[in-house]
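Engineer:
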Amino acid sequence: MAALAGAALPARWAHRDSFVILEAGFGQGQCFLDTWAAWQADPNRCQRLFYIAVAAQLPRQLPLIKDSEKPSLADRLAQNWPVLTPGMHTLVFDEGPASQVTLLLGVGEAADLVPQLVARVDAFLLENVPPAPLVPNGDEGWLSRLARLAAPGCTAVARSEAAQVIAGLRQSGFRAEDTHARSATGSLTFRFAPHHTPPPLPGGLWPAVIGPTQRHAMVIGAGLAGCAAAWALARQGWRVTLIDEHAAPAQGASGNPGGLFHSIVHGEDGLHARAHRAAAMRTAAVTSPMLAQGRFEGACQGLLRLDTQTDAAQAESLAHRLGLPLEHVQWLDQAPARASAHIPVPSGGWLFHQGGWLDPAGYAQALLADARAHANVVFLAGQTVHQLQAAPHGQKPWQALDTQGKLIAEARVIVLASAVDTLNLLKALPQAAPLPLSLVRGQISSLPLQEGILAPAIPVAGAGYVLPLHGGRLLFGATSDLDDLDPGLRAADHAHNLEQAAQLGCLPMLDKNALPKYLQGRVAWRAVTPDRLPYVGALPLNPADRPQATAGQKAPRLDQPRLIPRLRDEHGGVYVITGFGSRGITWTALAGELLASWVTGSPCPVEAALRDALDPARIVTRAKAKAQTSG
Ligand SMILES: Cc1cc2nc3c(=O)[nH]c(=O)nc-3n(C[C@H](O)[C@H](O)[C@H](O)COP(=O)(O)OP(=O)(O)OC[C@H]3O[C@@H](n4cnc5c(N)ncnc54)[C@H](O)[C@@H]3O)c2cc1C
Numbered sequence: 026m027a028a029l030a031g032a033a034l035p036a037r038w039a040h041r042d043s044f045v046i047l048e049a050g051f052g053q054g055q056c057f058l059d060t061w062a063a064w065q066a067d068p069n070r071c072q073r074l075f076y077i078a079v080a081a082q083l084p085r086q087l088p089l090i091k092d093s094e095k096p097s098l099a100d101r102l103a104q105n106w107p108v109l110t111p112g113m114h115t116l117v118f119d120e121g122p123a124s125q126v127t128l129l130l131g132v133g134e135a136a137d138l139v140p141q142l143v144a145r146v147d148a149f150l151l152e153n154v155p156p157a158p159l160v161p162n163g164d165e166g167w168l169s170r171l172a173r174l175a176a177p178g179c180t181a182v183a184r185s186e187a188a189q190v191i192a193g194l195r196q197s198g199f200r201a202e203d204t205h206a207r208s209a210t211g212s213l214t215f216r217f218a219p220h221h222t223p224p225p226l227p228g229g230l231w232p233a234v235i236g237p238t239q240r241h242a243m244v245i246g247a248g249l250a251g252c253a254a255a256w257a258l259a260r261q262g263w264r265v266t267l268i269d270e271h272a273a274p275a276q277g278a279s280g281n282p283g284g285l286f287h288s289i290v291h292g293e294d295g296l297h298a299r300a301h302r303a304a305a306m307r308t309a310a311v312t313s314p315m316l317a318q319g320r321f322e323g324a325c326q327g328l329l330r331l332d333t334q335t336d337a338a339q340a341e342s343l344a345h346r347l348g349l350p351l352e353h354v355q356w357l358d359q360a361p362a363r364a365s366a367h368i369p370v371p372s373g374g375w376l377f378h379q380g381g382w383l384d385p386a387g388y389a390q391a392l393l394a395d396a397r398a399h400a401n402v403v404f405l406a407g408q409t410v411h412q413l414q415a416a417p418h419g420q421k422p423w424q425a426l427d428t429q430g431k432l433i434a435e436a437r438v439i440v441l442a443s444a445v446d447t448l449n450l451l452k453a454l455p456q457a458a459p460l461p462l463s464l465v466r467g468q469i470s471s472l473p474l475q476e477g478i479l480a481p482a483i484p485v486a487g488a489g490y491v492l493p494l495h496g497g498r499l500l501f502g503a504t505s506d507l508d509d510l511d512p513g514l515r516a517a518d519h520a521h522n523l524e525q526a527a528q529l530g531c532l533p534m535l536d537k538n539a540l541p542k543y544l545q546g547r548v549a550w551r552a553v554t555p556d557r558l559p560y561v562g563a564l565p566l567n568p569a570d571r572p573q574a575t576a577g578q579k580a581p582r583l584d585q586p587r588l589i590p591r592l593r594d595e596h597g598g599v600y601v602i603t604g605f606g607s608r609g610i611t612w613t614a615l616a617g618e619l620l621a622s623w624v625t626g627s628p629c630p631v632e633a634a635l636r637d638a639l640d641p642a643r644i645v646t647r648a649k650a651k652a653q654t655s656g
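Count the sequence shown with this note's numbering and you get residues 26 to 656, in order.
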C-alpha cells in the first residue's frame with residue numbers, strides 16, 4: 026500500500042477514463058492485488074485500470090485458496106494465471122460497461138521488455154527493481170529512458186537506497202518530491218518534469234483527445250477481423266457501427282464450419298514465431314471460457330502439429346533454448362502422438378496445449394454479443410461500402426457511401442476489416458499508401474464419421490489438417506490457389522483434401538474417381554500479405570501526401586514504421602485490420618486488441634517489435650529500404 030500512497034492513489038485516478046501503472050517486478054502479485062482492491066473499493070475510480078508488470082522470475086502457478094464461495098482477488102488472479110511463455114500476456118478482470126482492470130504481464134527481464142513497451146504510463150512502481158550492477162559510464166540503461174513512456178504528471182516510486190534507480194529516474198527527467206515526504210517504508214516519490222517534450226511519433230500511441238460521446242468507430246466488414254475490432258473497441262468504451270454487405274456477420278472466409286488455432290515453434294524464434302505464439306495464447310485465453318460455456322462449437326484441449334524433421338532430443342533442446350514451458354508445447358514421438366490423437370499419424374510432432382479448433386462464425390457472434398454488453402454496437406447488414414471520404418465539414422468525420430453515392434454511416438474513425446476488398450476501398454482513398462494483398466482461394470471438405478473414418482481426439486495438422494466437428498463430421502483441408510476466383514466446389518480439390526486426410530491417418534486412401542457420397546465442402550478466400558503477417562494499425566500516408574522537408578530542413582526519417590506519417594489526427598483517422606491469411610482464428614483476439622490500442626491510445630498488448638511487424642507502414646519502410654539498396 027505504501028507504493029499506492031507514493032503514487033497518490035487512489036486520488037489521481039479519480040473520475041478518469043483510464044489510468045496506467047507500470048510495476049517492474051511482480052513477486053506474487055501483492056502490489057497488483059492491493060491496487061485492484063483499492064480500485065474496486067473506490068467509488069470515484071477510473072473506468073479502466075491498466076496495470077503493466079514486467080518480471081523475469083514469476084511463479085509457474087499462484088496458490089489457490091478458494092476458502093469461500095466468492096473467490097478472492099488472489100484466487101481470481103491464480104485462476105487466470107497464464108502459462109508463462111516469453112513476451113506479453115493480457116489478463117482482463119471485472120469486465121463491465123465502463124469498468125475493467127487489465128493486467129499486462131511481461132515475462133522477461135525489465136532491461137529487455139521495458140524498452141519494448143508501448144504505453145503512456147501514469148505511475149511507475151519501481152520499489153522491486155532487482156539490484157543490477159552499476160553501469161560504469163553512468164548510463165542507467167532502461168531506467169534512464171522512462172521518459173519515452175511517461176504521461177504528463179507521471180510519478181515514480183523507488184526505494185531511497187536504490188541509487189541506480191534514482192539516477193535513472195533523474196536522467197529520465199523525474200525530480201524527487203519533497204524528501205520530507207519520504208515514507209516510513211523508505212520509499213521516495215518522483216514526478217516527471219521534463220525540460221522538453223518531443224511530439225508523438227506519427228505511428229506511435231496517441232491519446233484520444235475527443236470526449237466520450239464522440240468516440241465512435243465505423244468498422245467495414247463483419248468477419249472475424251471486424252467483429253474482433255468491434256469487440257475490442259467496445260470494451261474500451263467506443264461506440265461501433267459495423268457494416269457488412271451480407272445479411273449476417275461471418276459469411277466470408279469466417280463462415281467455414283471449423284478451423285484451427287495454435288502456436289508455432291521455430292528455431293530462430295523470430296518475429297513470425299513470437300507473433301503467432303502471442304496470438305495463439307490470447308486466443309486460448311479468450312475462447313476457453315466461451316467454449317466452456319458452450320457459446321459456440323470447438324475445443325481448446327490441444328492440437329498436434331506433425332513434424333518429420335525433428336526428433337525428441339532436438340525438440341527438447343529447442344524448447345529449452347526458447348524458454349517454452351512444457352505446459353505450452355511438448356514433443357511427442359510417433360507412439361505417444363498416436364495415443365494422444367487417437368489416429369495412426371505418420372510421425373511424431375508438437376503438442377500445443379493452448380491449441381484447438383472452433384467454429385469461426387460462432388466465435389464472431391460471441392465477440393459481437395460481448396461487444397454489445399459494453400457499448401452501443403450497431404450492425405448494418407446488407408450494405409456495401411463503395412466509397413470513403415472525409416466529410417466536407419466538422420472535425421473530419423469520415424463517411425462511407427454505397428454504390429449510389431448514398432451515405433451509409435459516418436464516424437471519426439474508420440476501420441477497414443474488409444479482407445481482400447480492402448484493396449478496392451484503398452483505391453477510394455488516394456491519400457493512403459497502397460497495401461499489397463493477395464487473394465488465395467481455399468476449399469475445405471467434410472464427411473460424416475462413418476465406418477472406415479477415424480475421428481482424431483484433437484485436431485491434427487501436417488500437410489493439411491483434420492478436425493473433429495461436433496455432430497459427427499470430420500472436417501479436413503484445405504486447398505490453396507492464388508488469384509483463383511472460382512466459387513464452385515471442385516472434385517479435384519475434394520480429392521486433394523481426401524488424400525491429405527488419408528496421409529494424416531483418418532481415412533483409407535480412396536479412389537480419386539469415386540468420391541464418397543456424403544462429401545460436403547465450402548469455398549472461401551484468404552487475404553494474404555507478402556510477409557504472411559496481418560496488417561493492424563493506422564493507414565500510412567501516400568508519399569505524395571506526406572509532409573515534405575522544406576529547404577534547409579532534414580528529410581524526415583522513414584526507416585521505421587513508427588516514423589511513417591498516417592491518415593489520422595488526434596480526432597480520428599483510418600485504420601486497417603486484415604491480411605490474416607490462413608490464421609485468422611489464431612489472430613482474431615490479439616489483432617482486435619492491438620487495433621483498439623492504436624485507436625484509443627491504451628497500452629499496446631504486444632512488444633514494440635511485434636507492433637512494428639504488424640504495422641501496415643512496414644510496407645513503406647521496406648519499399649524505401651529496397652529503393653535505397655537498388656538505387
Ligand atoms: C479454406 C480456408 C480454410 C481456413 N482454415 C483456417 C484455419 O484452420 N485456421 C485459421 O485460423 N484460419 C483459417 N482460415 C483463414 C480464416 O478463415 C480467415 O483468416 C478469416 O476468416 C479472415 O477473417 P476476415 O474478417 O479478415 O475476413 P472475412 O471473414 O472474409 O470477412 C470480411 C468481411 O468483409 C465484408 N466486406 C468486404 N468488403 C466490404 C464492403 N465494401 N462493404 C461491406 N462489407 C464488406 C465481407 O462481406 C466479409 O463479411 C481459412 C481460410 C480458408 C479460405
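We treat Cβ as the ideally placed atom computed from N, Cα and C, and that holds for glycine.
Quick one: what's residue 660 bridged to in DSSP?
Structural biologist: Nothing can be reported for residue 660, as the shown portion of the chain is limited to 26 through 656.
Engineer: Residues in the same chain with beta-carbon distance under 8 Å from residue 372, minus the five sequence neighbours each way, listed in chain order, please.
Structural biologist: Result list for residue 372: 331, 332, 333, 359, 362 and 487, in chain order.
Engineer: Considering only residues of the same chain and omitting the five flanking positions on each side of residue 407, which have a CB-CB separation below 6 Å?
Structural biologist: These residues qualify, in order along the chain: 272.
Engineer: Roughly how many whole angstroms lie between the Cα atoms of residue 412 and residue 651?
Structural biologist: Residue 412 and residue 651: Cα-Cα distance of roughly 32 Å.
Engineer: At what residues does the beta strand (DSSP E) containing residue 610 begin and finish?
Structural biologist: Run containing residue 610: none in the beta strand (DSSP E); it sits in the alpha helix (DSSP H), 609-625.
Engineer: Please report the distance separating the alpha-carbon of residue 355 from that of residue 378.
Structural biologist: Answer to the nearest angstrom: the Cα atoms are 8 Å apart.
Engineer: With a CB to CB cut of under 6 Å and the five nearest residues on each side skipped, what residues in its chain are close to residue 130?
Structural biologist: Excluding positions up to five away in sequence, the list reads 78 and 114.
Engineer: Compute the minimum distance between the beta carbon of residue 410 and the heavy atoms of ligand 1, and state whether it is under 6 Å.
Structural biologist: Within the cutoff, so yes.
Engineer: What does residue 146 pair with, by DSSP beta-bridge criteria?
Structural biologist: Partner(s): 175.
Engineer: Check whether the region 502-515 touches the region 612-619, taking contact to mean three or more Cβ pairs, one atom from each stretch, closer than 8 Å.
Structural biologist: Contact between the region 502-515 and the region 612-619 is absent, because fewer than three Cβ pairs lie under 8 Å.
Engineer: Provide the residue span of the beta strand (DSSP E) that contains residue 57, from first to last.
Structural biologist: Taken as a continuous stretch (DSSP letters only), residue 57 belongs to no beta strand (DSSP E), being part of the alpha helix (DSSP H) at 55-66.
Engineer: Could you tell me if the beta carbon of residue 463 falls within a distance shorter than 6 Å of some heavy atom in ligand 3?
Structural biologist: For the structure depicted, ligand 3 is absent and the ligand set comprises only ligand 1.
Engineer: Excluding the 5 residues preceding and the 5 following residue 402 in the sequence, name in chain order all residues of the same chain whose CB lies nearer than 6 Å to its CB.
Structural biologist: Around residue 402: 255, 259, 265 and 396.
Engineer: At the level of alpha carbons, what is the spacing between residue 589 and residue 389?
Structural biologist: Spanning the two alpha carbons is a distance of roughly 32 Å.
Engineer: Rounded to a whole number of angstroms, what is the C-alpha to C-alpha distance between residue 490 and residue 471?
Structural biologist: Taking the straight line joining both Cα atoms gives about 11 Å.
Engineer: Going by Cα to Cα distance, which pick from 200, 641, 587 and 480 is closest to residue 226?
Structural biologist: Answer by Cα proximity: 587.
Engineer: Grab me the residues of residue 348's own chain with a C-beta within less than 8 Å of its C-beta, minus the 5 sequence neighbours each way, in chain order.
Structural biologist: Hits under 8 Å: 110 and 111.
Engineer: For ligand 1, is there any heavy atom lying closer than 6 Å to the beta carbon of residue 268?
Structural biologist: Yes, the Cβ of residue 268 comes within 6 Å of a heavy atom of ligand 1.
Engineer: Could you compute how far the alpha carbon of residue 234 sits from the alpha carbon of residue 555?
Structural biologist: So the alpha carbons of these two residues sit roughly 35 Å apart.
Engineer: Can you round the beta-carbon distance between residue 532 and residue 497 to whole angstroms, since I take them to be within the 8 Å contact cut?
Structural biologist: The pair is not a contact, with the Cβ atoms about 15 Å apart (cut-off 8 Å).
Engineer: Tell whether a beta-carbon distance below 7 Å holds between residue 216 and residue 200.
Structural biologist: For residue 216 and residue 200, yes; Cβs fall inside 7 Å.
Engineer: Just reading off the beta strand (DSSP E) that residue 469 is part of, what are its end residues?
Structural biologist: Per DSSP, residue 469 belongs to the beta strand (DSSP E) from 463-473.
Engineer: Just reading off the beta strand (DSSP E) that residue 77 is part of, what are its end residues?
Structural biologist: Here the beta strand (DSSP E) through residue 77 covers 73-80.
Engineer: Short check: CB of residue 31 to CB of residue 182, under 7 Å?
Structural biologist: Going by C-beta atoms, residue 31 is nearer than 7 Å to residue 182.
Engineer: DSSP puts residue 199 in a beta bridge; with which residues?
Structural biologist: Residue 199 is bridged to 217.
Engineer: Could you check the C-alpha separation between residue 432 and residue 309 for me, to the nearest Å?
Structural biologist: Rounded to whole angstroms, residue 432 to residue 309 spans 39 Å at the Cα level.
Engineer: For residue 276, which residues does DSSP report across the bridge?
Structural biologist: BP columns for residue 276 are empty, so no partner.
Engineer: State the beta-bridge partners of residue 415 as determined by DSSP.
Structural biologist: DSSP lists 423 as partners of residue 415.
Engineer: What are the boundary residues of the alpha helix (DSSP H) that residue 435 is part of?
Structural biologist: That residue, residue 435, is in no alpha helix (DSSP H); its beta strand (DSSP E) goes 432-436.
Engineer: Report yes if the C-beta distance between residue 381 and residue 328 is below 7 Å; otherwise report no.
Structural biologist: Yes. Within cutoff.
Engineer: Taking 6 Å as the cut-off, is the CB of residue 469 close to at least one heavy atom of ligand 1?
Structural biologist: Flag set: Cβ of residue 469 near ligand 1.
Engineer: Measuring straight from C-alpha to C-alpha, what distance separates residue 6 and residue 460?
Structural biologist: With the chain covering only 26 through 656, there is no way to say anything about residue 6.
Engineer: In the DSSP assignment, find the alpha helix (DSSP H) that holds residue 399 and state where it starts and stops.
Structural biologist: Segment 385-399, the alpha helix (DSSP H) holding residue 399.
Engineer: Give me the residue from 561, 447 and 410 with the minimum Cα distance to residue 435.
Structural biologist: Considering only alpha carbons, the answer is 410.
Engineer: Could you spell out the range, first to last residue, of the alpha helix (DSSP H) harbouring residue 341?
Structural biologist: Segment 337-346, the alpha helix (DSSP H) holding residue 341.
Engineer: Can you tell me where the beta strand (DSSP E) holding residue 311 begins and where it ends?
Structural biologist: Counting along the chain, residue 311 falls outside any beta strand (DSSP E), though it belongs to the alpha helix (DSSP H) covering 296-317.
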